[in-house]
Amino acid sequence: HKALILNGPNLNLLGTRQPEVYGSTTLQMVEDMCLDHGKSIGMEVIHFQSNHEGALIDAIHAAKGVQDGIVLNAGAYTHSSIALMDAIASVELPVIEVHLSNIHAREEFRHRSYISRVAVGMICGLGPQGYVLALDALRSHLQGE
Ligand code: DQA
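Residues 2 to 146 (UniProt numbering) make up the sequence shown, in order.
Rendered as structure tokens:
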């Protein structure tokens, strides 16, 4: 199986960005973890990050017919982007939503996720480990487990 790990705005600053909230692991380290884990479970993993809503939408469109699924941390667009939600609905690829922080333990405006409406499921609050768990979940989903 092939999976796209897609990260949205400000996640390029992971490791230095509000470490008390998001930890000290960099995005490069998260990517490496995903690649390694992907290999160990027989998944080919590629990664893309953008701070731009349109670029994320383009990446979702481009994944259609190429990738088997997407692990998505849409950052703050999670809480605002109907366009990202529609893009996911349009490509009919399974999406596992990930958040490093526990969005339900934070501000009210982080409690609503447009992505959750079209995602297979969501993992939040477990830090970088969430991406690894999401890959496992995507693989199980693709295998019909
Ligand atoms: C986040 C949570 C969002 O509310 C926030 O805007 C982010 C990161 C997370 O991974 O915890 O940028 O998606």
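Glycine residues also receive a C-beta, built at the ideal position from the N, C-alpha and C atoms.
Where residue i sits in the DSSP three-state scheme
i, result
"residue 44", "coil"
"residue 55", "helix"
"residue 99", "strand"
"residue 50", "strand"
"residue 16", "coil"
Distance, residue j Cα to residue i Cα
i, j, result
"residue 53", "residue 41", "32 Å"
"residue 62", "residue 92", "6 Å"
"residue 37", "residue 81", "32 Å"
"residue 111", "residue 137", "25 Å"
"residue 14", "residue 29", "10 Å"
"residue 140", "residue 104", "24 Å"
"residue 131", "residue 95", "17 Å"
"residue 121", "residue 98", "8 Å"
"residue 85", "residue 64", "14 Å"
N-terminal and C-terminal residue of the alpha helix (DSSP H) that residue i is part of
i, result
"residue 138", "130-143"
"residue 85", "83-92"
Of the listed residues the options, nearest to residue i (C-alpha basis)
i, options, result
"residue 21", "117, 133, 126", "126"
"residue 70", "129, 119, 15", "119"
"residue 56", "75, 145, 117, 45", "75"
Endpoints, beta strand (DSSP E) assigned at residue i
i, result
"residue 4", "3-8"
query = On the three-pair Cβ rule with 8 Å, is the stretch 17-26 touching the stretch 37-51?
reply = no
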